[in-house]
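Report on the structure given below.
In the numbering used here, the protein residues as written are 1 to 182.
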């Protein structure tokens with residue numbers, strides 16, 4: 001037994017090709033009529049064009065995102081230049097190991113120069129001169145892109161850099177966080 005289905009469905013695919021469906025018996029006839037109406041109204045062509053526009057937009061956004069990631073330079077490069085005095089270091093994993101100048105029995109400072117050198121001092125005596133490099137890269141801790149500082153064989157995430165404070169975290173699983181001040 002067939003039960004008549006009464007519906008008043010309107011389809012507006014595009015432009016002036018408005019198709020109105022009135023009362024039909026059975027859902028199959030509705031499907032056939034809708035398919036024919038869509039074919040006649042160029043809806044599939046409009047969907048294809050819209051899909052191409054969306055894909056084009058995604059490709060353009062991907063190119064700009066990649067360009068900004070690859071060509072981005074570290075922020076606040078000039079703030080790094082100068083003398084920084086070590087205040088404390090703490091182990092990242094267990095936070096149980098804290099070292100300070102008082103606990104260690106010596107003062108440490110680092111000086112970053114304009115020509116790419118970093119000079120390390122212990123109790124105001126120069127102990128090492130090496131090159132440093134600033135870059136952008138991924139931190140192993142939060143998988144986010146940060147400014148990175150590489151010197152003395154280690155890579156450090158610049159967590160904070162202001163006129164007064166510098167916080168460096170060694171970018172390794174057994175790393176430590178060192179705080180410096182001017």
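Ideal Cβ positions, reconstructed from N, Cα and C, are used throughout, including at glycine. Values in this document were obtained by computation on a predicted structure and should not be read as measured data.
- Exclusion of the five residues before and after residue 79 leaves 161, 162 and 163 as the residues of its chain whose Cβ lies within less than 8 Å of its Cβ.
- Residue burial annotation: residue 93 is exposed, with fewer than 16 other C-beta atoms found within 10 angstroms of its C-beta.
- Taking a 10 Å sphere around the C-beta of residue 145, we find fewer than 16 other C-beta atoms and assign the residue as exposed.
- Residue 131 is a Cβ neighbour of residue 117, given a cutoff of 8 Å.
- Just so you know, the alpha carbons of residue 166 and residue 52 end up roughly 48 Å apart.
- For residue 164, no beta strand (DSSP E) segment is defined, and its DSSP state is neither H nor E.
- Looking from the CA of residue 175, the closest CA among 83, 102 and 96 belongs to 96.
- With a minimum length of 4 residues, the unbroken runs of alpha helix (DSSP H) contained wholly in the segment 67-125 fall at 77-80 and 101-104.
- Under the DSSP assignment, residue 141 falls outside any beta strand (DSSP E); it carries neither an H nor an E label.
- Check the Cα spacing between residue 124 and each of 105, 133 and 109: the tightest is with 109.
- Judged by their CB atoms, residue 84 and residue 182 are nearer to each other than the 8 Å cut-off.
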